[in-house]
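Only one structure is covered here, and it is reproduced in the block below.
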Amino acid sequence: MVSIISLLFFFSCSESGREAPIVVLDAYLKKPLEGALSSAAYMSLRNTSGNKIKIKGLTCNNLLAEFHQTVIKDSGMMSMNKLNLLTVEPKSEITLVPGKEHIMLMGKSMSNKNKGIKCDLILESVNSVQTFNRVPVFFEIRD
0 MVSIISLLFF FSCSESGREA PIVVLDAYLK KPLEGALSSA AYMSLRNTSG NKIKIKGLTC
60 NNLLAEFHQT VIKDSGMMSM NKLNLLTVEP KSEITLVPGK EHIMLMGKSM SNKNKGIKCD
120 LILESVNSVQ TFNRVPVFFE IRD
């Protein structure tokens, strides 16, 4: 059930050879419907460092990627709000799941994808000493 830890961010390391402070676990999206222009993606993010890490967004080839949060309004209607930042506290993990925080992938090429989608998480510099600006992630497509 759990995909390989997204190839542990493709063995992601910084230029200094240290491991990235964020580990992606179980990154996936449901197979987009034929002709679909968007799909939701999910994953867990583990902060292995002693510092708070802020994730500003994702970049994906030919796709727009945004963090969203599903909220239920007082009227009972559901809506999605765009999140500008995800924060992972030191030595903790957050999980993006259906009905809560998730990633929306949008673009014309969604239904052409059959194995997965490569993206990069964009990390915000912390105290101007953050050496990990981008961390690769692979979203496996599941039926």
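Residue numbering for the sequence shown follows numbering that gives the first Met the number 0, starting at 0 and increasing by one per position.
All C-beta atoms in this analysis are idealised placements derived from N, C-alpha and C, irrespective of residue type, glycine included.
For the options E92, L85, N80, L32, the alpha carbon positioned closest to that of G98 is the one of N80. In the structure shown, N46 adopts extended strand secondary structure according to DSSP, grouped into three states.
For N80, the secondary structure class from DSSP, reduced to helix, strand or coil, is strand. Put simply, the backbone Cα of L82 is about 5 Å away from that of H67. For L32, no beta strand (DSSP E) segment is defined, and its DSSP state is neither H nor E.
Under the three-pair Cβ rule at 8 Å, the segment 25–32 does not count as touching the segment 57–73. G115: member of the beta strand (DSSP E) spanning 115–122, first to last residue.
In the DSSP assignment, the residues bridged to S37 are M105. Less than 8 Å separates the beta-carbon of G106 from that of N61.
With respect to the 8 Å criterion, L28 and S43 are not classified as neighbours on the basis of their beta carbons. When the five nearest sequence neighbours on each side are left out, the beta carbons in the same chain lying within less than 6 Å of the beta carbon of L104 are those of S38, A40, L62, A64, in order along the chain.
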